[in-house]
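Below is one structure, written out as structure tokens; comments come after it.
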Ligand SMILES: *Cc1c(COP(=O)(O)O)cnc(C)c1O
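In the working numbering, the protein residues as written are -5 to 394.
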């Protein structure tokens, strides 16, 4: 079967909730993927940063296979031998005392919201059920009904109400707007330290520090959604580290399993995480031994291969090379580490057509919003590969 046969099947039998580029991937290795017609591509999306460690990393693969031979799922009705080690290693790496594992990122976001609400009632004494949670405009936190309830993206929600109440939106990057939204019923503010899906939007420097300060002054929890930005993507373990900010809760997912298996988690200290009582929250697969073994290996690869330092160095290199491209289509190039956005002018005719051409030339990148091309390759990429990609990107951005 050729690419077009697979595409026909998918269009016929699958829900059309995505609009993928027409490349049918059969195999991946490191930063490269291969399609069913034998073409090779550089993966510059990394499954929205789930593949920081690269495709089919041999160490994570080994952990997956070894654990799969032993036991894969125990349910949380019993304990398993992998989960405690995962908890311990995650705590040692991140500095948070406890964690709660889930599967998808959206589930971890829901978990953080539940925990923040409970904290609001039990610790802050907000009257039941009047808790408010502040979020930022342009956010992306996932796709559940509660999460889309506070999306500001019309398209994500327009036909899916009624929505979950209890959320207030402020302007991202704007401290005044945040201050104005706080009331005695505010339990938490949740935001992404860099908005990935929003178009690689970096808030003004000092913003995260100010958010942290305002949270402390007003007895509000600061929740950072680092599902995309965390675990090395921006050249620090967490994007909040760029401003030396330590949120009360951090949500991680994506690269936590190096792309093998959905594993997400909420990190917090005991004072907060300890509020959950048995039966108040859970998931059949969350914390299963296979996921825990995979996540342990994925974290170890980040440390052993110094992927955080690599991301910082190579990200700086990549962005500087991109900035040398002299194309009239480019409005702005921004990024931290290997999370880079090239924003095109609105006259450029949209980022999608450039992504289509990049694909023809062997680079997979995806537009985010209409005018931004995101470049976020696996953090194991090397300089040589970046040097291979740059002329292709230049050529593509120079087209009419
Ligand atoms: C991807 C993402 C999510 C949702 O994760 P899923 O695993 O797709 O549910 C939430 N927040 C951010 C910032 C993300 O990038």
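Think of the CB as a built atom: it goes at the ideal place given N, C-alpha and C, for glycine as much as any other residue.
If you check the CB distance, residue 146 and residue 107 do not come in under 8 Å. The C-alpha of residue 277 lies about 44 Å from the C-alpha of residue 340.
Two segments are said to touch when three or more pairs of C-beta atoms, one from each, lie closer than 8 Å; by this definition the stretch 320 to 339 does not touch the stretch 280 to 300. Looking only at 54, 38, 1, 385, the smallest Cα-Cα distance to residue 31 is reached by 1.
Restricting attention to 360, 184, 98, the CA atom closest to the CA of residue 164 is found in 184.
By the Cβ-count criterion, residue 314 is exposed, with fewer than 16 other Cβ atoms from all chains shown falling within 10 Å of its own Cβ. DSSP places residue 260 inside the beta strand (DSSP E), whose first and last residues are 258 to 262. Cβ neighbours of residue 256 within its own chain (closer than 7 Å, five residues either side excluded): 97, 98. Residue environment analysis places residue 273 among the exposed positions, since fewer than 16 neighbouring C-beta atoms fall within 10 angstroms of its C-beta. Within the model, the alpha-carbon separation for residue 17 versus residue 267 is close to 43 Å. Across the structure, residue 79 and residue 252 are spaced so that their CA atoms are roughly 18 Å apart.
Between ligand 1 and the CB of residue 42, the shortest heavy atom gap is smaller than 7 Å.
Assigned with DSSP and collapsed to three states, residue 297 falls in helix. No Cβ-Cβ contact shorter than 8 Å links residue 359 with residue 84. For residue 178, the CB stays at least 7 Å from every heavy atom of ligand 1. For residue 2, the secondary structure class from DSSP, reduced to helix, strand or coil, is helix. Take the alpha-carbon of residue 42 and the one of residue 227: they are about 10 Å apart.
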